[in-house]
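Under my numbering, the first residue of the sequence shown carries the number 217, and numbering increases by one thereafter.
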Amino acid sequence: MSIRRTIRWTALLLATLLVNGCDGKPLQTQPKTLVIGMDGVQLQHYEQLGDDTNLRKRLLYGKAYAGGINGRASEQATVSGPGWVTLLSGVWANKHQVVSNSEALRITPRFPSLFKRLRDALPNAYLASVINWSPINTAFLLVDAQGNNVRESGLSDAQVTARTLQILGNTPADFTFIQLDEPDQAGHAGGFGPAYQLALREADQRLGLLLDKVEERANEHPQEDWLVIVCTDHGRDEQGSGHGGVTEQEKTVFIASNKPLNEELNQPSIPEDNPGPNNLYGYAAQVSLAPTVLRHMGLDLRPEWMLDGTPLLGATGVRKARAIESEGKLLWNSDSQGTVTIHKNGQVVANVQAFLQQWTDPEGMRQANDYVLELDETPVAVRTRPASTH
Ligand SMILES: [Zn+2]
């Protein structure tokens, strides 16, 4: 046997032992997730930092959109409250009801965040939420995150990072959400410019420290299966100092991951009837984060959850599910030979070949309805509004 072959066989044997244990029985892999939220990061400006960022060198990323579909039931302001709650719940604000940054708002219990869903499904999981911009923990998700093992708010980005490194080093860290706010603060203070670029560079360096820690931990615990996702809540207006509107730039965000994700993130699929500015709606939507995390954590996605997002891991199901209320029509993108099961307000109402890419509700859409389109055990939902109102 050549030396190279011997090395290869030794490596294979070691890997088998590590994954299977010495008695040959498979050790159960333990899913772990770290979501790193960076507030108000404009992707184009992050990319301008060059090729030596942790985003470019160590992660895979794709463009995505925030703020729902302009002029449709899912449209929402490109501000932080609606943005973070959409990311963490997998539904748009017409469902979760955090429609602004008003601290009186709470997520609707019918559409809970990842904290509640994971706590219900995994009673012993170690859940953490460590954030700079307090209202995520202290207002919108106040009730929802009560079962978290760690819920800390109002920290500086340096403190968020230090605390997260502790959690990753010393706890089971099953699901950890953190929020770095300083890029957004730099944008509000001075718009795009050197100070904003510096804030992005610092956020990227913090990302690097966190990725180092996850890699170190994954090496020590090969049975752990780590998903790291980086995302942002909204883009910025032309000058970079504000946001909240529906311009292409304010709606442009990104989703990055340490794992290869599926075609929903990597291969845009354009909704022909409504492609959005520069085909923006062909990219992944912000609602995709939560179903991606739930699937990675081992939960089956359930139609009754009515999640609006296409998961970015595993089967996509139908893509770009949408409604044209005035025509009573559901549309989607798919070239699958499978069958889509259509649920309406909790009842199965039709089975349709996926490649047909549309279905017309014989009752029309004169009232608000909740539809779920299920393909390959992957449900995705659309909430319509009454056809007469627009
Ligand atoms: Zn902001």
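For each residue, glycine too, the CB sits at the ideal point set by N, CA and C.
Self-check item: Minimum C-alpha distance to G306 - residue among Q246, V509, H437 and A355
Solution: Ranked by how close their Cα comes to the Cα of G306, the residues Q246, V509, H437 and A355 have V509 in first place.
Quiz prompt | Rounded straight-line distance, which links the Cα of L546 to that of L343 | solution = The straight-line gap from Cα to Cα measures roughly 37 Å.
Quiz item: Does any heavy atom of ligand 1 sit closer than 6 Å to the C-beta of G456?
Solution: At a threshold of 6 Å, G456 does not count as near ligand 1, since its beta carbon sits no closer than that to any of the ligand's heavy atoms.
Quiz item: For D400, is the beta carbon positioned less than 6 Å from some heavy atom of ligand 1?
Solution: Yes, the Cβ of D400 comes within 6 Å of a heavy atom of ligand 1.
Quiz item: With C-beta atoms as the reference, is S345 less than 7 Å away from A361?
Solution: Cβ distance < 7 Å, so S345 and A361 count as in contact.
Practice problem: Could you tell me which residues DSSP puts in a beta bridge with W442? | Solution: Its beta-bridge partners are K248.
Quiz item: Measuring CB to CB, does T294 end up less than 7 Å from G283?
Solution: Yes, Cβ-Cβ distance for T294 and G283 is below 7 Å.
Quiz item: Going by alpha carbons, who is nearest to W300 out of G287, Q258, E593 and Q395?
Solution: Closest by alpha carbon: Q395.
Quiz item: Based on the DSSP output, what are the partners of L343 in its beta bridges?
Solution: In DSSP, L343 forms a bridge with F391.
Exercise. Flag G451 as yes when its Cβ comes closer than 6 Å to any non-hydrogen atom of ligand 1, and as no otherwise.
Key: The closest heavy atom of ligand 1 lies 6 Å or more from the beta carbon of G451.
Exercise. Compute every distance between the C-beta of G407 and the non-hydrogen atoms of ligand 1, then say whether any falls below 6 Å.
Key: Relative to ligand 1, G407 has its C-beta separated by 6 Å or more from all heavy atoms.
Self-check item: the stretch 487-504 in contact with the stretch 459-478 per 3-pair CB rule at 8 Å
Solution: Contact holds: three or more Cβ-Cβ distances are below 8 Å.
Quiz item: Sorted by chain position, which residues of the same chain lie with C-beta nearer than 7 Å to V430's C-beta, five sequence neighbours on each side aside?
Solution: Excluding positions up to five away in sequence, the list reads L250, L384, W442 and V444.
Quiz item: alpha helix (DSSP H) containing K273: first to last residue?
Solution: K273 -> alpha helix (DSSP H) spans N270 to R274.
Quiz item: To the nearest angstrom, how far is it from the Cα of N474 to the Cα of R274?
Solution: Separation of N474 and R274 (C-alpha to C-alpha, rounded to the nearest whole angstrom) is 7 Å.
Quiz item: Using a Cβ-Cβ cut-off of 6 Å (strictly less than) and excluding sequence neighbours within five positions of R601, which residues of its own chain qualify?
Solution: Beyond the five residues adjoining it in sequence on each side, R601 comes within less than 6 Å, by CB distance, of A289 and A584 in the same chain, given in chain order.
Exercise. Provide the residue(s) that pair with I591 in DSSP beta bridges, ordered along the chain.
Key: According to the sequence as given, residue 591 is Leu; it is not Ile. Note: L591 sits in a beta bridge opposite T594.
Quiz prompt | Three-state secondary structure (DSSP) of S305 | solution = Three-state DSSP puts S305 in a helix.
Quiz item: Should G237 be labelled buried (16 or more other beta-carbon atoms within 10 Å of its own) or exposed?
Solution: In this prediction, G237 has a pLDDT of 47, which is less than 50 and means its spatial position is unreliable; what the coordinates show is noted afterwards. Exposed is the call here.
Exercise. Take R646 as the anchor and find which of Q382, D453, I347 and A374 has the nearest alpha-carbon.
Key: With the chain covering only 217 through 606, there is no way to say anything about residue 646.
Quiz item: The alpha helix (DSSP H) with E466 in it runs from where to where?
Solution: DSSP places E466 inside the alpha helix (DSSP H), whose first and last residues are E464 to K467.
Practice problem: Quick one: residues in its chain with C-beta nearer than 6 Å to the C-beta of E319, no 5 flanking neighbours on either side, listed in chain order? | Solution: Around E319: P351 and A355.
Quiz item: Any heavy atom of ligand 1 closer than 6 Å to the CB of M460?
Solution: For the record, residue 460 in the displayed sequence is Gly; it is not Met. No, ligand 1 has no heavy atom inside 6 Å of this Cβ.
Exercise. Return the first residue and the last residue of the alpha helix (DSSP H) that N567 is part of.
Key: That residue, N567, is in no alpha helix (DSSP H); its beta strand (DSSP E) goes Q563 to Q569.
Quiz item: From E488 to G514, what does the alpha carbon distance come to, in whole angstroms?
Solution: Going by the C-alpha atoms only, they are around 34 Å apart.
Quiz item: Which residue comes first and which comes last in the alpha helix (DSSP H) that contains N482?
Solution: Counting along the chain, the alpha helix (DSSP H) containing N482 begins and ends at E479 to N482.
Self-check item: Inter-stretch contact at 8 Å, needing at least 3 Cβ pairs: the stretch 540-557 / the stretch 573-583
Solution: By the Cβ criterion, the stretch 540-557 is in contact with the stretch 573-583, since at least three pairs of Cβ atoms, one from each stretch, lie closer than 8 Å.
Quiz item: Which partner residues does G253 have in the DSSP bridge list?
Solution: Q395 and C447, per the DSSP bridge assignment.
Practice problem: Measure from the alpha carbon of V588 to the alpha carbon of each residue in Y262, G562, L528 and F571, then state which is nearest. | Solution: Comparing alpha-carbon positions, the option among Y262, G562, L528 and F571 lying closest to V588 turns out to be G562.
Quiz item: What does a CB cutoff of less than 6 Å around A419 pick up in its chain, not counting 5 residues either side in sequence?
Solution: Excluding its 5 nearest sequence neighbours in each direction, A419 has C-beta neighbours in its own chain below 6 Å: M254, L396 and P399, listed in chain order.
Quiz prompt | Reduced DSSP secondary structure (H/G/I, E/B, other) of N549 | solution = It is a strand residue.
Quiz prompt | CA-to-CA distance, S604 to L505, given in whole angstroms | solution = For the pair L505 and S604, the Cα-to-Cα distance works out to about 32 Å.
Practice problem: Output the residue ranges of the alpha helix (DSSP H) runs that lie fully inside the stretch 504-561 and measure 4 residues or longer, sorted by chain position. | Solution: Within the stretch 504-561, the complete alpha helix (DSSP H) runs of at least 4 residues are 505-512.
Quiz prompt | Which listed residue (M522, P247 and D449) has its alpha carbon closest to that of L338 | solution = Checked all of M522, P247 and D449; the closest Cα to L338 is P247.
Quiz item: Taking 6 Å as the line, does the beta carbon of G370 fall inside it for any heavy atom of ligand 1?
Solution: For G370, the shortest C-beta to heavy atom distance toward ligand 1 is 6 Å or greater.
Quiz item: Under 6 Å from any heavy atom of ligand 1, does the C-beta of G256 make it?
Solution: Residue side-chain check: G256 places its Cβ nearer than 6 Å to a non-hydrogen atom of ligand 1.
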